[in-house]
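In the UniProt record's numbering, the protein residues as written are 1 to 138.
Glycine is no exception: its CB is placed at the ideal position from the N, C-alpha and C atoms.
Quick caveat, the model's predicted, so the values are computed rather than measured.
This report concerns only the one structure given below.
Following this line, the structure appears as structure tokens:
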């Protein structure tokens, strides 16, 4: 976009942003639940469309190029340390600090997630869904 913007200085500046909205509570989400394993669904951070929209607007207004709306996606963004604009010098320093924290936390979280999946497998086998009576649905 820098090339386009430099070639067209009298045009409005073009910027690219990527938004990672997480799970949005909509009617489409209800349909998604029918195909998503229960074990994965428990990990979702669910938010209304209004909350997602306000977080996206705040991210755009602060100059972020990668915008996240939940903790897990934010930690993933901070751990990547790519070449995107991070909302200023202090945000970049914070992201570098958080990348170190995330690296350590990932060791703990990964072990916990692996434990949960193994517990699920021992209890329910490879079943993706459990009905209201606790019976497996393959």
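Residue i, buried or exposed, once every other Cβ within 10 Å from all chains shown has been counted against 16
i: residue 114; result: exposed
i: residue 93; result: exposed
i: residue 112; result: exposed
i: residue 124; result: buried
i: residue 118; result: exposed
i: residue 135; result: exposed
i: residue 86; result: buried
i: residue 52; result: buried
i: residue 133; result: exposed
Three-way DSSP call (helix, strand, coil) for residue i in this model
i: residue 129; result: strand
i: residue 106; result: helix
i: residue 36; result: coil
i: residue 135; result: coil
i: residue 119; result: helix
CB of residue i within 8 Å of CB of residue j, strictly
i: residue 58; j: residue 78; result: no
i: residue 75; j: residue 47; result: no
i: residue 38; j: residue 130; result: yes
Minimum C-alpha distance to residue i - residue among the options
i: residue 64; options: 50, 26, 37 and 17; result: 17
i: residue 106; options: 50, 52 and 80; result: 80
i: residue 73; options: 89, 88 and 55; result: 55
i: residue 62; options: 89, 50, 36 and 49; result: 89
query = Within the chosen definition, does the region 69-79 reach the region 15-32 through at least 3 CB pairs nearer than 8 Å?
reply = Between the region 69-79 and the region 15-32, the count of Cβ pairs shorter than 8 Å is three or higher; the stretches touch.
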